[in-house]
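Asker: With the first letter of the sequence shown counted as 1, position 179 gets the number 179 in UniProt numbering; the numbers rise by one all the way through.
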Amino acid sequence: MNTEPVVIVSAARTPIGSLSGALSTVPVHDLCSVVIKDVLTRAGVRPEEVSEVIMGHVLTAGQGQNPARQASVAAGIPYSVPAWSCQMVCGSGLKSVCLGAQSIQVGDSTVVVAGGMESMSRAPHTVHMRAGVRMGDASLQDSVVADGLTDAFHGYHMGITAENVAKQWAVSREEQDGFAVQSQNKTEAAQKAGHFDQEIVPVMVPSRKGPVEVKVDEFPRHGSNADSMSKLRPCFVKDSSGTVTAGNASGINDGAAATVLMSQSEAERRGIKPMARIVSWAQAGLDPSIMGTGPVPAIRKAVEKAGWKLDQVDLFEINEAFAAQSVAVVKELGLNVDKVNVKRRRHLSGPSHRHVWLQSAGDAAARAPEDRRASRRDVPLHRRRDGHRHVRGEGLRIISNAAVWIALILF
Numbered sequence: 001m002n003t004e005p006v007v008i009v010s011a012a013r014t015p016i017g018s019l020s021g022a023l024s025t026v027p028v029h030d031l032c033s034v035v036i037k038d039v040l041t042r043a044g045v046r047p048e049e050v051s052e053v054i055m056g057h058v059l060t061a062g063q064g065q066n067p068a069r070q071a072s073v074a075a076g077i078p079y080s081v082p083a084w085s086c087q088m089v090c091g092s093g094l095k096s097v098c099l100g101a102q103s104i105q106v107g108d109s110t111v112v113v114a115g116g117m118e119s120m121s122r123a124p125h126t127v128h129m130r131a132g133v134r135m136g137d138a139s140l141q142d143s144v145v146a147d148g149l150t151d152a153f154h155g156y157h158m159g160i161t162a163e164n165v166a167k168q169w170a171v172s173r174e175e176q177d178g179f180a181v182q183s184q185n186k187t188e189a190a191q192k193a194g195h196f197d198q199e200i201v202p203v204m205v206p207s208r209k210g211p212v213e214v215k216v217d218e219f220p221r222h223g224s225n226a227d228s229m230s231k232l233r234p235c236f237v238k239d240s241s242g243t244v245t246a247g248n249a250s251g252i253n254d255g256a257a258a259t260v261l262m263s264q265s266e267a268e269r270r271g272i273k274p275m276a277r278i279v280s281w282a283q284a285g286l287d288p289s290i291m292g293t294g295p296v297p298a299i300r301k302a303v304e305k306a307g308w309k310l311d312q313v314d315l316f317e318i319n320e321a322f323a324a325q326s327v328a329v330v331k332e333l334g335l336n337v338d339k340v341n342v343k344r345r346r347h348l349s350g351p352s353h354r355h356v357w358l359q360s361a362g363d364a365a366a367r368a369p370e371d372r373r374a375s376r377r378d379v380p381l382h383r384r385r386d387g388h389r390h391v392r393g394e395g396l397r398i399i400s401n402a403a404v405w406i407a408l409i410l411f
């Protein structure tokens, strides 16, 4: 096995569309093909040079055979290049990056496109009619809820798992609302400052009057404040003990994201300056009833594998499926909140679905040059397990994404 580091040389994403919003008419493979084309162009890699395409994707019902391959071919990658999807629910997008890195390390691939895609708007309602109905009505099942938002082991909605976490970690409604408001406000500021402009690939959406360019995230709620947040009613536990609302839970969205991976020597051979180097990754399982706290064991495991300590990490990109679980993770790990989801919170990006957590990797990789500049004065020297030094200016970042979670460390 090749122990040479794997690097991310480009990353991009579509805008994040709301349920039944601007991207809702676009098939998921078309969304994905847009970002695949873009990341290859950014990296200066020709489609025929790609060894493998791996896409995290969960809501596949009605999308046709192998949507990842549909996306790959639509992006101009030859039929001879394998493409496939991985399904790990929340962790699918990040898992695709880990699988891509492994494929390179074992010598199976030279260049891998890894990412995630989801169109929750196009997930169908289904009916079990294969054997017919002898008598009575036949009800439709929402595949978004059945396959994406319901815990298969306990039989309840992900929102109930957030309520479980809120109770076990004593996360109050006020804390959740405060976190959600901060998330929205950080995003508003970042959008207005243009921080997302470089990472977003515009999508041309057909309409009766001609193609419409979509280039801005739909879901963020500008002007969010504690007063309006506090007036929302709990969604999952209806009595006075309920704390999870539409305001402090994530939304249902559409989008895609992708990265290009290769070995460090391959990047050097091509004259490509990497965005980030993959140092370590780890995955951990836990009781699905408290699935939102999965980043805790995954992050600890990834940091241990890297030979680091938590306080040596400069930036954490941690999912925000629910404010309750985000607060609980920060509490349990004892993190400095100023290092968590700095440019904005994951809360606004939608549920823990495929493209969002791949987006986290892209965000963190894109911040690498900025982190290096910002940290030159105050990042201490320390040794990693392999004996190499972590010098001033090299930012460390963790991306974490149920109930199996993944933590990915970039350098």
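The C-beta atom is built at its ideal place from N, Cα and C for all residues, glycine as well. All values derive from a computational prediction rather than experimental measurement.
Is the distance from the Cβ of VAL58 to the Cβ of GLY159 below 8 Å?
Answerer: The count along the sequence shown starts at 1 and reaches residue 58 at position 58. The count along the sequence shown starts at 1 and reaches residue 159 at position 159. Not a contact, by the Cβ cut-off of 8 Å.
Asker: For a quick check, are the C-beta atoms of HIS125 and GLN102 less than 8 Å apart?
Answerer: Along the sequence shown, read from residue 1 onward, the residue named residue 125 stands at position 125. Along the sequence shown, read from residue 1 onward, the residue named residue 102 stands at position 102. No, Cβ-Cβ distance for HIS125 and GLN102 is not below 8 Å.
Asker: Assuming VAL28 and SER143 make a contact with CB atoms under 8 Å, what is their CB distance in whole Å?
Answerer: As a position in the sequence shown, residue 28 is number 28, starting the count at 1. As a position in the sequence shown, residue 143 is number 143, starting the count at 1. Going by Cβ atoms, the distance from VAL28 to SER143 rounds to 13 Å, so no, they are not a contact pair.
Asker: Could you tell me the boundaries of the alpha helix (DSSP H) in which ARG269 lies?
Answerer: Within the sequence shown, the letter at position 269 stands for residue 269. Secondary structure note for ARG269: its alpha helix (DSSP H) is the uninterrupted segment 264–270.
Asker: Using only alpha-carbon positions, find the residue among SER289, THR259, SER92 and VAL279 that is nearest to ILE8.
Answerer: Position 8 of the sequence shown, counted from the first residue, corresponds to residue 8. Looking at the Cα atoms, THR259 is the closest of the given residues.
Asker: According to DSSP, simplified to helix, strand and coil, what is MET158?
Answerer: What you label residue 158 is simply residue 158 of the sequence shown in a count that begins at 1. Helix, per DSSP.
Asker: How is residue 413 classed by DSSP in three states: helix, strand or coil?
Answerer: Past the edges of the chain, shown from 1 to 411, lies residue 413, and the structure says nothing about it.
Asker: Are the CB atoms of ALA180 and ASN248 within a distance shorter than 8 Å?
Answerer: Translated into the one-based positions of the sequence shown, residue 248 becomes position 248. Translated into the one-based positions of the sequence shown, residue 180 becomes position 180. Yes, these two residues count as a Cβ contact at 8 Å.
Asker: According to DSSP, simplified to helix, strand and coil, what is GLU320?
Answerer: Position 320 of the sequence shown holds residue 320. Three-state result, GLU320: coil.
Asker: Check whether the stretch 282–297 and the stretch 144–156 touch, using three or more Cβ-Cβ pairs below 8 Å as the test.
Answerer: yes
Asker: So, at 8 Å on beta carbons, what are the nonlocal neighbours of residue 452 in its own chain, with the 5 sequence-adjacent residues on each side left out?
Answerer: Since the first residue of the chain shown is 1 and the last is 411, residue 452 is not available in this structure.
Asker: Cutting at 7 Å between CB atoms, please list the residues of its own chain near residue 415, excluding the five before and the five after it.
Answerer: No statement about residue 415 is possible, as the shown extent of the chain runs from 1 to 411 and does not include it.
Asker: With DSSP collapsed to three states, give me the class of THR293.
Answerer: As a position in the sequence shown, residue 293 is number 293, starting the count at 1. Note: THR293 maps to helix in three-state DSSP.
Asker: MET129: buried (16+ other C-beta within 10 angstroms of its C-beta) or exposed?
Answerer: As a working mapping, residue 129 is identified with position 129 in the sequence shown. It is exposed - the Cβ of MET129 has fewer than 16 other Cβ atoms within 10 Å.
Asker: Going by the beta-carbon positions, is the gap between GLU163 and VAL237 smaller than 8 Å?
Answerer: In the sequence shown, the residue the question calls residue 163 occupies position 163. In the sequence shown, the residue the question calls residue 237 occupies position 237. The answer is yes: Cβ separation under 8 Å.
Asker: Classify SER207: buried if its beta carbon has 16 or more other beta carbons within 10 angstroms, exposed otherwise.
Answerer: Your numbering for residue 207 matches position 207 in the sequence shown. Answer is exposed; the Cβ neighbour count stays below 16.
Asker: Terminal residues of the continuous beta strand (DSSP E) containing ALA226?
Answerer: The residue given as residue 226 occupies position 226 in the sequence shown. From DSSP, ALA226 is part of no beta strand (DSSP E) but of the alpha helix (DSSP H) over 226–230.
Asker: List in chain order: all unbroken beta strand (DSSP E) runs of 3+ residues lying wholly within the stretch 34–113.
Answerer: 52–56 and 83–86
Asker: State the CB to CB distance for the pair GLN325 and TRP405, rounded to an integer number of angstroms; the pair is presumed to be in contact (CB under 8 Å).
Answerer: For the purposes of this step, residue 325 is identified with residue 325 of the sequence shown, where counting begins at 1. For the purposes of this step, residue 405 is identified with residue 405 of the sequence shown, where counting begins at 1. Incorrect: roughly 11 Å between the Cβ atoms, too far for contact.
Asker: Checking 8 Å against the spacing of the C-beta atoms, do GLY251 and LEU31 come in under that value?
Answerer: Here residue 251 corresponds to residue number 251 of the sequence shown, with the count starting at 1. Here residue 31 corresponds to residue number 31 of the sequence shown, with the count starting at 1. No, the Cβ-Cβ distance between GLY251 and LEU31 is not below 8 Å.
Asker: In the DSSP output, what is THR245 paired with across the bridge?
Answerer: Taking the sequence shown and counting its residues from 1, the one referred to as residue 245 is at position 245. Note: THR245 sits in a beta bridge opposite PRO234.
Asker: In this structure, does DSSP put ALA123 in helix, strand or coil?
Answerer: By one-based count along the sequence shown, residue 123 stands at place 123. Coil.
Asker: VAL34 to SER400, Cα distance in whole Å?
Answerer: Reading the sequence shown from its first residue, position 34 is the one you call residue 34. Reading the sequence shown from its first residue, position 400 is the one you call residue 400. Approximately 25 Å between the Cα atoms of the pair.
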